[in-house]
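Numbering (our numbering), first residue to last: 2 to 209.
Note that CB positions come from ideal geometry on N, CA and C, so glycine has one too.
Keep in mind the model is a prediction, meaning the values are calculated, not measured.
Below is one structure; the comments refer to it alone.
Dropping the structure here:
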């Protein structure tokens, strides 16, 4: 049976989260920054441990707050807000910030905390990977890499990867590590080594 892994990509305006997704799916990058105003859903597939798994990658526009806890009213509110639809039911989160923008790091710091506070069911087994994008502009870095890595890995207990969507650097590594984390959390019997062969059926995209 093909397992479907739902992944949410979150980040502040202009951090390049959509560029990361498009580089992964289509191996392309545009210098023109087009703000994400609606949730975009992509449906590629990968090979993991010799098995094909469908992915549902949801690229969300910047949100003011993570949807609240599981109550009938809150669940109704989440479904009423199209931009946040499905955000609480994913198997993993990618939180992207711009290494040259301090405010973007504070944004994902807040969102991560809200995820932990509101997503009660399965929170402890829901991987969160912090991604520092725009590594190609590292001369403009506002927080030393070691400081961020140490905070994220030791204090937050999250994965941390830096990448460059522009030059396709560490993009495949990001999704490989994410799938490894999801596989370890949901399939305890599976060896942690993930055989990753990139995205298949890359032209499947739905804007919702």
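Check your understanding: Any idea if residue 34 is buried or exposed, counting beta-carbon neighbours within 10 angstroms, 16 or more meaning buried?
Key -> exposed
Practice item. Evaluate contact between the stretch 21-32 and the stretch 102-117, counting only Cβ atoms and requiring at least three cross-stretch pairs below 8 Å. Key: no
Review point. By Cβ distance below 8 Å, which residues in the same chain neighbour residue 98 in space, the five residues on each side in sequence not counted?
Key: 12, 13, 16, 105, 106, 108, 109, 131, 132, 133, 134
**Study point:** Buried versus exposed, by CB contacts within 10 Å (16 or more), residue 145
**Key:** exposed
Check your understanding: If we call anything under 8 Å between Cβ atoms a contact, is residue 8 one with residue 57?
Key -> yes
Point to revise | Residue environment, residue 2, which counts as buried when at least 16 other CB atoms sit within 10 Å | key: Only weak support is given to the placement of residue 2: the predicted model assigns it a pLDDT of 42, under 50, and the question is left unresolved by the model.
Exercise for review: Note down, in chain order, each residue of its chain lying with its Cβ closer than 8 Å to the Cβ of residue 151, except the 5 sequence neighbours on either side.
Suggested key: none
**Study point:** As assigned by DSSP and simplified to three states, the class of residue 33
**Key:** coil
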